[in-house]
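If you want my numbering, it's the position in the sequence shown, counting the first as 1, plus 18. Below is one structure, written out as structure tokens; comments come after it.
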Amino acid sequence: MGNFTSCSCSSASTRALGSASAKVLDPSRDLRKLNSLPARAAELMLEYPGHLVVSLDQAGQAGRFIALRADDELMAGKAYMMVPCNRANARVVQAEMAAIRSAFRGRRHVQKTGRGTLVPIVVEEKDDNKGGDDVDNKEKQQQHQESVSCYNRNHKPWSPLLEPIFEN
Numbered sequence: 019m020g021n022f023t024s025c026s027c028s029s030a031s032t033r034a035l036g037s038a039s040a041k042v043l044d045p046s047r048d049l050r051k052l053n054s055l056p057a058r059a060a061e062l063m064l065e066y067p068g069h070l071v072v073s074l075d076q077a078g079q080a081g082r083f084i085a086l087r088a089d090d091e092l093m094a095g096k097a098y099m100m101v102p103c104n105r106a107n108a109r110v111v112q113a114e115m116a117a118i119r120s121a122f123r124g125r126r127h128v129q130k131t132g133r134g135t136l137v138p139i140v141v142e143e144k145d146d147n148k149g150g151d152d153v154d155n156k157e158k159q160q161q162h163q164e165s166v167s168c169y170n171r172n173h174k175p176w177s178p179l180l181e182p183i184f185e186n
């Protein structure tokens with residue numbers, strides 16, 4: 019009898035969230051719904067190598083792209099974004115945040131920032147449970163793996179300065 023109330027309360031709390039799926043904006047600017055929850059951030063990081071999972075709620079509050087740990091669970095009803103490794107812990111400009119939020123709403127939003135013009139593509143929602151062409155998926159994965167870079171290309175590698183030591 020005590021178990022019944024605990025089960026009914028947990029199902030009521032999942033209904034209160036509104037949706038049983040999480041939304042993820044992937045690197046190709048497609049909005050995906052993850053219906054297979056609970057899912058971990060590591061699953062998305064394996065699917066998109068060289069990218070990290072960022073919670074948009076945390077990014078809006080902290081003003082930075084704070085990456086989730088691999089063992090963090092993705093929560094239902096929340097919005098997430100895949101960010102390249104070199105953007106981890108980078109500052110988020112308000113114009114960037116507005117463009118990202120408009121992409122989740124499905125509207126086209128253009129704003130100029132100091133870094134250039136942000137124009138998110140009008141997104142189409144992809145359902146995670148639908149089957150697609152295996153050939154298209156393999157081609158996308160190959161193209162994605164070729165374009166992935168987990169380091170900043172403008173970074174100059176450290177090289178030691180070798181000077182001779184003179185003896186007197």
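We treat Cβ as the ideally placed atom computed from N, Cα and C, and that holds for glycine. Keep in mind it's a predicted model, so treat the numbers as computed, not measured.
1) With DSSP run on the structure shown, which of helix, strand or coil describes Leu64?
2) According to DSSP, is Ala97 part of a helix, a strand, or is it coil?
3) Are the CB atoms of Met100 and Leu43 nearer to each other than 8 Å?
4) Is DSSP giving Ala57 helix, strand or coil here?
5) Who are the near neighbours of Trp176 in its chain, counting only those whose CB is closer than 7 Å to its CB and skipping five residues on each side?
6) Thinking just about the alpha-carbon of each residue, which of Phe83, Ala38, Ala97, Ser73 is nearest to the one in Ala106?
7) If we ignore side chains and look at the alpha-carbon of each, how far apart do Glu91 and His69 end up?
8) May I ask you to list the residues that DSSP assigns as paired with Ala77?
9) I believe Ser73 touches Leu86 by the beta-carbon criterion, under 8 Å. Please report the beta-carbon distance rounded to the nearest angstrom.
10) Please report the residue range of the alpha helix (DSSP H) in which Ala113 lies.
11) Kindly list the residues whose CB is nearer than 6 Å to the CB of Ala38, restricted to its own chain and excluding five residues on each side of it in sequence; keep chain order.
12) Using DSSP with H/G/I as helix, E/B as strand and the rest coil, what is Arg105?
13) Apart from the five residues just before and just after Gln112, which ones in its own chain have a Cβ nearer than 7 Å to its Cβ?
14) How many angstroms separate the CA atom of Asp104 from the CA atom of Val110?
15) If you compare alpha carbons, which of Asn53, Arg47, Ile183 is closest to Lys96?
16) What is the rounded straight-line gap between the Cα of Phe122 and the Cα of Ala88?
Per the coordinate set shown:
1) helix
2) strand
3) yes
4) strand
5) none
6) Phe83
7) 17 Å
8) Ala77 is not bridged to any residue.
9) 6 Å
10) 112 to 123
11) Ala94
12) helix
13) none
14) The residue you asked about is not Asp; residue 104 is Asn in the sequence shown. Taking the straight line joining both Cα atoms gives about 13 Å.
15) Asn53
16) 23 Å
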